[in-house]
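Going by the working numbering, the first residue of the sequence shown is number 267, and it counts up by one from there.
The C-beta atom is built at its ideal place from N, Cα and C for all residues, glycine as well.
Comments concern the structure below.
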Amino acid sequence: MLIRTPDDLGTPVAELAALPAVRRVVMANPRDYEVRYAINPHMLDGSGALREVDRDRAREQWRGMKAALEAHGIEVDVVPPLDGHPDLVFCANPALWIPAEAAPDGEPHLVRSRMTHEERRAEVAHLAEHLSVRGLEIEGIEGPADRFEGSGDGLFHPGRRLLWGGVGPRTELAAWAEIGERFDLPVAAIQLVDEHYYHLDTCFAPLDETRCLWFPPAFHEAGAALVRAYFPGAIEVGAREAREELACNAWCPDGRTVFLPDGCPETRAALEAAGFEVVEVACGEFKKAGGAVYCMKLAVC
Ligand code: ARG
């Protein structure tokens, strides 16, 4: 079922079926990471050249993020690199994980993405193959949607059986309609309006049942109204930290701890004032490709 206005859900979010906190993720080996092509505006500098990545520093930052997650009890499984695929490190994008509790058959599912850009298409089978050993149901989009970028545009409401689905340059509404129907799952469809925020996870991070981080100018008004209705304690991020530091590409696995991209002192202060524990993750080399903390992992709880 697609949710377009606050009344469509028909029941308060707090009464939807419960989902467990995330304890396990996959991250992709950053061996081949660099900026080799530009498929979003963050990948180019002011003069229109590809951003230059310090590859040793990137690997160090990736290891730092993995260690930070593990130190907080998150289990991290590593996907091997894929030759010539620098963006595989953003492994939230090639698939959408549907936890067992969210699927009508009580089994976890992995829905393969339909990547918008040729440069990233081979990542999909590579990731699915790595995860297939878990005995998962792996399936694709069967309907008309040509673009669907998995957990980059699909984020579960913390603890509740509601999916937030970004509609924009990377994912079509038809993909959310299909997923909503197949899994009998409410999907709050959010139209994105600014090319710097090309995935929902670049401007929106659910934190707990009533609070999220977000950057409202990236949302069409109808989507903004949904966020305000279902997250009465939504925390707004400032323009500089949202765009330059990807502050909204944060991740809160447990409703308490927020893994936040570094360089976001204002967002950090707002989160701490709201009672969250903030763990800063250095990820500047990855911001050069338009990604940060949230999209460098795929939750597979
Ligand atoms: N260069 C990658 C792309 O444009 C970055 C992806 C970052 N992922 C994300 N969910 N924000 O596809």
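Euclidean distance between Cα positions of residue i and residue j
i, j, result
"His375", "Glu408", "15 Å"
"Ile456", "Ser313", "32 Å"
"Val493", "Ala454", "9 Å"
"Pro410", "Ile364", "21 Å"
"Val342", "Gly432", "26 Å"
"Val547", "Arg323", "13 Å"
Beta-bridge partners of residue i, as assigned by DSSP
i, result
"Asp343", "Val292"
"Ile269", "Ala454"
"Arg386", "The partner list for Arg386 (beta bridge, DSSP) is empty, contrary to what the question assumes."
"Arg380", "Phe414"
"Pro472", "Cys478"
"His375", "Ile364, Glu403"
"Val433", "Gln457"
The ligand ARG heavy atom lying under 7 Å from the CB of residue i
i, result
"Phe356", "yes"
"Gly431", "no"
"Cys530", "no"
"Ala579", "No statement about residue 579 is possible, as the shown extent of the chain runs from 267 to 567 and does not include it."
"Met293", "no"
"Gly418", "yes"
Proximity winner among the options, relative to residue i (alpha-carbon distances)
i, options, result
"Trp328", "Val566, Tyr560, Phe485", "Tyr560"
"Glu373", "Ala358, Lys332, Tyr299, Phe449", "Phe449"
"Glu438", "Lys554, Ala280, Met381", "Met381"
"Asp419", "Val288, Asn515, Asp528, Lys554", "Asn515"
"Gly504", "Met309, Lys553, Ala536, Val344", "Ala536"
"Arg426", "Ala324, Leu393, Ala368", "Ala368"
"Phe422", "Glu405, Pro482, Ala366", "Ala366"
"Thr468", "Asn359, Gly406, Ala540", "Asn359"
"Arg297", "Leu275, Ile445, Glu326, Ala548", "Glu326"
> Taking only runs of the beta strand (DSSP E) that begin and end inside the region 504–538, which ones reach a length of at least 3 residues, in chain order?
Replying inline: DSSP assignment within the region 504–538 yields the following whole beta strand (DSSP E) runs of 3 residues or more, N-terminal first: 523–527.
> Can you list the alpha helix (DSSP H) stretches of 4 or more residues lying completely in the region 536–563, in chain order?
Replying inline: DSSP runs (the alpha helix (DSSP H)) wholly in the region 536–563: 550–553.
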